[in-house]
Each structure stands twice: as C-alpha cells, then as structure tokens.
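*Asks:* Would you mind keeping the following structure in view while I ask a few things?
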C-alpha cells in the first residue's frame, strides 16, 4: 500500500507548477512537504490526491496510475484535507463528517450502521464528538480543521494528505493537530502534510520533502533533509538547529535573511 | 460559544408542509368569481376522480373546477416547485445563498424565446409555440454560458456567475428591443409585457401536461443529485477527493436547473424571488443538506406560488394583478426580514 509520485509534474498555461517530482507516501510515515510560498507543496498534494492529472510523469496508488483508479476507489484510499476550511452553509459538524462516507454509499443509499460507526469513530478520534450537533460555520479555525480531519478519517482512507493544516491555528492547536497526525502515522496511516512551520516539521515528521520552485531539492528522513545548509539555501535565510530543553526535541532557529 | 443547530424533526416539517399544500390547494380551487366552499370542492374533486369528467352535461361548478381552477392551481404548484428547487440547486452550486435560478441566464433566455414567439405571431397560432420557444431560449442561453466558461473540461463557477450576469444583460436588452419593435402593434406589445410580468390566467390542462413531465423529471433528478451538491460546500477539490466527479456533477446540476427554470418561465412567465426566497427560508428550518432541502423546497415553492396566485386574483377582483408583481411584493419584504434575522444571528 503506497501512494507515490514518479517524476510527476504539472504545467498550466506553459508554466510548471511542479516538475519531475518523486515522492512516496508510505504507511507508518509522516512526510512533511516543506518549501517557500509557491514552491509547489499544494500542487504536489493535489497530484497525489488525483485532483489534478500530472502533465508529465505519474502519480500512482499501489503502482496503478491514479487516472486509471476508479474515482470512488481512490476516494476510499486517499483523503485530502484542503487548506481552505471555509464551509458555506450551516451544516452540522456531524453532517460534514458524514460527507466522508460519500464513496461508500450508492446514490440513493442511506448511511448503514457501519457508516454511522465510522462517522462516530472519526469524530471521537478527532476529539469533536462533543460538538457533533453544532453549526459548522460557527466553529473556530482549529475546530473546523479537526472537523475536516475527522471527515477524512471517516473515508477510512489509509493515505491522508493535509494542506497546511496549521496555517490558521495558534501554537497549541497546531501542536495538537500535528501530534494527532503523527499518532495516525504511528498507527499505520500514510500521512503527508504541507507545512510552513519548520519546527513542527522537524518535531513531528518522520520524513521531509524539501521543495523549491516546483522541484524536489531533497527528500528522506527529516533530520537529514531539514539541515541548516539545505533549509538556509532553499529559503534564503541563515539557520541553525539546536536541541533545547525539553530533551528529545530539536528546534530550527532562523536568524536573518541572507 | 457556538450553539447547537436547532432543527424541528424533518418528518414533522414535511407533514406540516404537505398539509398546508393540500389546504391552500383546496382554498385556491374554491376561490374565484364563482365561490365554492372548501368541502364542496373536496366533494366535486372526489366525484370527478371517480367518474372521469366528460366536460358535457356536467354540473356547472364541476366544469369551472375542472376546466379552469384545477389546471391553474396545478400549473402554479408545478412552477413553484420547479423554481424553488432550481433556486436551491443554484445556491448549492454557487455556494451562495443569494444565487437564484436567474443567475445563469436561463430565465432571461426563456423570456426572450417567449417574446420572439409573440413577435413572430407563433404564440397566437398555437398554444405550444410559446413554451417551445421558451425552452429553446433557456437551453441556448445555458449552452452559450457553459461553453464560454468551460476550458479543457473544467467549468469555473466564478466565471459562470459573471458570464450569467453578462448574458442576462444582453438577453434582457434583446427582449426590450424586440418589444420596442412591436410597439406599433399595440395589442401584441401589451400581451408581451403582460406575459413578462408572469401570470396564470387561461392556463389549461395542455399546460399541465406539458409542464408536469418536465418538472417531475427535474425534481427526480434534483433529488438524485442532492448528496453531490452537499459535497460542494467545502470546495471543489475536497469534493473531488471525497469521490465526486465534480465537472459531471456541475453539468448535471446546471442542466436540471435549466430544465426546471425554463419550464417554469415557459408556462408562467417571469416570476421573481421564488427561487431565491423559498430555498433560503427552508434552509433555516431543515438545514442545508440537499437531501432534506430539495423535497421540502419543492412543496414550499408550490405553496408559495399557489398562494401568490390566489392573492393575485382576489385582491383587486375582478381585475387580476400580474403574478410576478405579487411574488415580488410578497417576496422582497420577506427576504429583507430574513436578512435582518440573519444579521442578528451572526451579530453582524
């Protein structure tokens, strides 16, 4: 079971958003996609999710090109949590999570007990069972993020792709979400997260993919990819990495623009 | 602290709506120049149901009922259901509670088709020319807007809205142009302007049989597409990864909404506010899930237009007020009231 991009690229109107990217998302791993704004993190996630078809190379699920995987099969295997968590209409939290069952249900089918169980479990795991009946448009950014993560869990997909899940969250909620992602990976999910926060990447990811201008600069275990040299080079800043108290956590210190 | 979503039980809402529909239907059938009390209406309808009505040698009240009132009320109900459901679909597709069936230009296309039918003298030659040209107008308008906003199989919803605005402006100018050409033929111009204001006088079983299959088909298709529309609420990419063929869903929703609103304009003229107001109001009661919204909105839309038509023909009787004026006069203040309520709720 693995989701991969093999030399995948996407060009729109003659401009390459991602070019020749090779990434593998495997069970038990949490891959952080790191890079400056516009480096192609979101695009790469969309290629991996099958939302966009690559214009070069391939994105594959267990070796099969995503274009040839039936849409509903793909939806049961790969879930994308978008960066924009805006919800237009006043659905209840439970209704939003229940949308995750779409690919499990026929057009006129109602949710069966198994679906209800999946929805309840997803809400419990994302710690939103208490707000199940609330209006999803009136939640805080952190709650909405958790609701959409719960929805992706309700799909029972083994591959979870999250596009900047911490972008609108305060530090405490950001820590929560990433710790949760790591737990999912430890339990056997394959998780990829586009991240701006290098410390969170370094702290929670098992692997990292460093992107610049649409190309993969480095990929591999997180401590070998997010090095002062590579990060400094890609972001154009001066960086040092240290291990402050508490133990077992390393932090990235950014000093100044180069 | 956010509140829990307060919603009455869905079955109760449906029962209340259906009861209201039956009651207003019976009242609307009974009220008119010749007034027939509600119980008598029920008696006559039962009679007509058991012994198929031949049209000759019948009770004069039965004749009035079956030849004039019943088809009129049925057409009103069909139009109301069609416009309200098309409105719910457009609001769902555009993710905007201010959208209505008019936004993609199908209603104005249908209106231009109808005006051409009058101007070319076709409307006067056979009763089916008018609805036929209306439907053609709606379909053409949708096809042009869709083609303009679709690149490599992807339709941009934002572009669709803008193209719809431009299309509406173009088509209503053309409509006014055609009307101005008719100004010397005073009766034709008057007929066209009156028709554009919406109205259900002289609607017969022909109109019922023409609209009923299209509206039934549209409502069934809208029900089948209900869950697809729900998925649009968190964006197209998210919908796609949940297993929805987003582009196909858009095409289907647009086609169904065009059939529904085109049919409504074809048999009833242009009625504002039904498609905007009814889904908006019902969403406050049953919530935004289209699986619940579509059936409730269909019934409520029927109630609204049957009621509006009842008002239109009784307030200044024997003069009939144009139905489009009534839906606007009843609809706009109600909508403003809803907006006020909404503002208080969100504390804006």
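Chains as they are written, first to last, in my numbering: chain B, 1 to 258; chain V, 259 to 606.
Glycine included, every Cβ here is placed at the ideal spot set by N, Cα and C.
1) Do you know whose CA, among B:98, B:66, B:125, lies nearest residue 116 of chain B's CA?
2) Whose C-beta lies closer than 7 Å to the C-beta of residue 47 of chain B among residues of the same chain, with five residues either side of it excluded?
3) Is it true that the segment 125-137 of chain B meets the segment 528-538 of chain V, where meeting means three or more beta-carbon pairs spaced less than 8 Å apart?
4) Please report how far the alpha carbon of residue 74 of chain B lies from the alpha carbon of residue 29 of chain B, in whole angstroms.
5) Please list, in chain order, all residues of the same chain as residue 552 of chain V whose beta carbon is under 7 Å from its beta carbon, the five residues on each side excluded.
6) Can you check whether the C-beta of residue 545 of chain V is within less than 8 Å of a C-beta belonging to chain B?
7) Between residue 492 of chain V and chain B, is any beta-carbon pair separated by less than 8 Å?
8) Does residue 453 of chain V come out as helix, strand or coil in the three-state DSSP assignment?
9) Taking residue 360 of chain V as the reference, which of V:460, V:427, V:280, V:297 has the closest Cα?
10) As a quick exercise: from V:383, V:331, V:437, V:399, pick the residue whose alpha carbon is nearest that of residue 374 of chain V.
11) Which of helix, strand or coil does DSSP assign to residue 253 of chain V?
12) Just to make sure I have the definition right: I need the residues of chain V whose C-beta is within less than 9 Å of the C-beta of residue 82 of chain B. Which are they?
13) Which one or two residues does DSSP pair with residue 16 of chain B in a beta bridge?
14) Under a CB-based cut-off of 8 Å, is residue 260 of chain V close to chain B?
15) Let me know the secondary structure DSSP gives residue 86 of chain B once reduced to three states.
16) Taking residue 77 of chain B as the reference, which of B:174, B:143, B:178, B:154 has the closest Cα?
17) When the Cβ atoms of the segment 507-518 of chain V are set against those of the segment 552-566 of chain V, are three or more pairs found closer than 8 Å?
18) Under 8 Å, do residue 35 of chain B and residue 212 of chain B count as touching if we go by C-beta distance?
19) Looking only at its chain, what residues have a beta carbon closer than 6 Å to the beta carbon of residue 356 of chain V, apart from the 5 residues adjacent to it on each side?
20) Starting from residue 482 of chain V, find everything on chain B with Cβ-Cβ shorter than 9 Å and list it in chain order.
21) Closest Cβ-Cβ distance between residue 535 of chain V and chain B: below 8 Å?
22) In terms of alpha-carbon separation, which member of B:183, B:141, B:184, B:128 lies closest to residue 164 of chain B?
23) Taking 8 Å as the threshold (C-beta atoms), are residue 90 of chain B and residue 576 of chain V in contact?
24) Select from B:202, B:82, B:167 the residue whose C-alpha is nearest the C-alpha of residue 32 of chain B.
25) So, under 8 Å CB-CB, residue 486 of chain V and residue 507 of chain V are touching, yes? Tell me the CB distance rounded to an integer number of Å.
26) Could you tell me which of V:282, V:363, V:401 sits nearest to residue 433 of chain V, measuring between CA atoms?
27) Report buried or exposed for residue 280 of chain V, applying the criterion of at least 16 other Cβ atoms within 10 angstroms of its Cβ.
28) For a cutoff of 8 Å on Cβ pairs, would you count residue 353 of chain V as touching chain B?
29) Pick out whichever of V:455, V:381, V:366, V:449 has its Cα sitting closest to the Cα of residue 423 of chain V.
30) Check whether the Cβ atoms of residue 473 of chain V and residue 368 of chain V lie closer than 8 Å to each other.
31) Counting only beta-carbon separations shorter than 8 Å, does residue 155 of chain B have a partner in chain V?
32) By how many angstroms is the C-alpha of residue 88 of chain B removed from the C-alpha of residue 238 of chain V?
33) Cα separation between residue 442 of chain V and residue 464 of chain V?
34) Note down, in chain order, each residue of its chain lying with its Cβ closer than 7 Å to the Cβ of residue 273 of chain V, except the 5 sequence neighbours on either side.
35) Report yes or no: is there a C-beta of chain B within less than 8 Å of the C-beta of residue 489 of chain V?
36) Taking only beta-carbon positions, decide if residue 272 of chain V is within less than 8 Å of chain B.
*Replies:* Taking the geometry as given:
1) Translated into the one-based positions of the first chain, residue 116 of chain B becomes position 116. Minimum Cα distance to residue 116 of chain B is reached at B:98.
2) Here residue 47 of chain B is taken as the residue at index 47 of the first chain, counted from 1. Residues 5, 8, 10, 18, 54, 59 of the same chain have their beta carbon placed closer than 7 Å to that of residue 47 of chain B, with the five preceding and five following residues left out of the count.
3) With a cut-off of 8 Å, the segment 528-538 of chain V and the segment 125-137 of chain B do not count as touching, because too few Cβ pairs lie within range.
4) Sequence index remark: in the first chain, residue 74 of chain B carries index 74 (1-based). Sequence index remark: in the first chain, residue 29 of chain B carries index 29 (1-based). So the alpha carbons of these two residues sit roughly 20 Å apart.
5) Locating residue 552 of chain V in the second chain gives position 294, where the first residue counts as 1. Answer for residue 552 of chain V: 343, 346, 480, 481, 484, listed in chain order.
6) Looking up residue 545 of chain V in the second chain gives position 287. A Cβ of chain B is located within less than 8 Å of the beta carbon of residue 545 of chain V.
7) Indexing the second chain from 1 puts residue 492 of chain V at position 234. So yes, residue 492 of chain V belongs to the interface.
8) Taking the second chain and counting its residues from 1, the one referred to as residue 453 of chain V is at position 195. In the structure shown, residue 453 of chain V sits in a helix (DSSP, three-state: H, G or I).
9) Here residue 360 of chain V refers to the residue found at position 102 of the second chain. The candidate whose alpha carbon is nearest that of residue 360 of chain V is V:427.
10) Position 116 of the second chain, counted from the start, is the residue given in the question as residue 374 of chain V. The shortest C-alpha to C-alpha distance from residue 374 of chain V to any of V:383, V:331, V:437, V:399 is the one to V:437.
11) A query on residue 253 of chain V cannot be resolved here, the shown segment of chain V reaching from 259 to 606 and no further.
12) The sequence position of residue 82 of chain B within the first chain is 82, counting from 1. Neighbours of residue 82 of chain B on chain V, chain order: 492, 493, 495, 496, 499.
13) Taking the first chain and counting its residues from 1, one reaches residue 16 of chain B at position 16. Looking at the DSSP output, residue 16 of chain B bridges to B:11.
14) For the purposes of this step, residue 260 of chain V is taken as the residue at position 2 of the second chain. Interpretation of residue 260 of chain V is limited by its pLDDT of 44, a score under 50 that renders its predicted location unreliable; the figure taken from the coordinates is listed afterwards. Interface residue (Cβ-Cβ distance to chain B less than 8 Å): residue 260 of chain V is classified as such.
15) Here the question's residue 86 of chain B lines up with position 86 in the first chain. Coil at residue 86 of chain B, not helix or strand.
16) One-based indexing of the first chain puts residue 77 of chain B at position 77. Minimum Cα distance to residue 77 of chain B is reached at B:154.
17) The way I'd put it, the segment 507-518 of chain V doesn't touch the segment 552-566 of chain V; fewer than three beta-carbon pairs between them come closer than 8 Å.
18) By 1-based counting over the first chain, the position of residue 35 of chain B is 35. By 1-based counting over the first chain, the position of residue 212 of chain B is 212. Yes; because the gap between Cβ atoms is below 8 Å, this pair is in contact.
19) Stepping through the second chain from its first residue, residue 356 of chain V is reached at position 98. Cβ neighbours of residue 356 of chain V beyond the five flanking positions: none.
20) The count along the second chain starts at 1 and reaches residue 482 of chain V at position 224. Neighbours of residue 482 of chain V on chain B, chain order: 107, 108.
21) In the second chain, residue 535 of chain V corresponds to position 277, counting from 1. No, because no Cβ of chain B sits closer than 8 Å to the Cβ of residue 535 of chain V.
22) Here residue 164 of chain B refers to the residue found at position 164 of the first chain. Ranking the options by Cα distance to residue 164 of chain B, first place goes to B:141.
23) Stepping through the second chain from its first residue, residue 576 of chain V is reached at position 318. Stepping through the first chain from its first residue, residue 90 of chain B is reached at position 90. No, the pair does not count as a contact, with Cβ atoms beyond the cut-off.
24) Position 32 of the first chain, counted from the first residue, corresponds to residue 32 of chain B. Of the listed residues, the one whose Cα sits closest to residue 32 of chain B is B:202.
25) Locating residue 486 of chain V in the second chain gives position 228, counting from the first residue. Locating residue 507 of chain V in the second chain gives position 249, counting from the first residue. Correct: roughly 4 Å between the Cβ atoms.
26) Mapped onto the second chain, residue 433 of chain V falls at position 175. Minimum Cα distance to residue 433 of chain V is reached at V:363.
27) Here residue 280 of chain V is taken as the residue at index 22 of the second chain, counted from 1. So residue 280 of chain V ends up on the exposed side.
28) Within the second chain, numbered from 1, the residue matching residue 353 of chain V stands at position 95. Closer than 8 Å to the CB of residue 353 of chain V there is at least one CB belonging to chain B.
29) Here the question's residue 423 of chain V lines up with position 165 in the second chain. Minimum Cα distance to residue 423 of chain V is reached at V:366.
30) The count along the second chain starts at 1 and reaches residue 473 of chain V at position 215. The count along the second chain starts at 1 and reaches residue 368 of chain V at position 110. Not a contact, by the Cβ cut-off of 8 Å.
31) For the purposes of this step, residue 155 of chain B is taken as residue 155 along the first chain, with counting starting at 1. Closer than 8 Å: yes.
32) There is no way to answer for residue 238 of chain V, as the model of chain V reaches only from 259 to 606.
33) As a working note, residue 442 of chain V is residue 184 in the second chain. As a working note, residue 464 of chain V is residue 206 in the second chain. Residue 442 of chain V and residue 464 of chain V have their C-alpha atoms spaced approximately 31 Å apart.
34) Your numbering for residue 273 of chain V matches position 15 in the second chain. There are no such residues.
35) By 1-based counting over the second chain, the position of residue 489 of chain V is 231. Taking Cβ atoms only, chain B reaches closer than 8 Å to residue 489 of chain V, which makes this a yes.
36) In the second chain, counting from the first residue as 1, residue 272 of chain V sits at position 14. For residue 272 of chain V, not one C-beta of chain B is nearer than 8 Å to its own C-beta.
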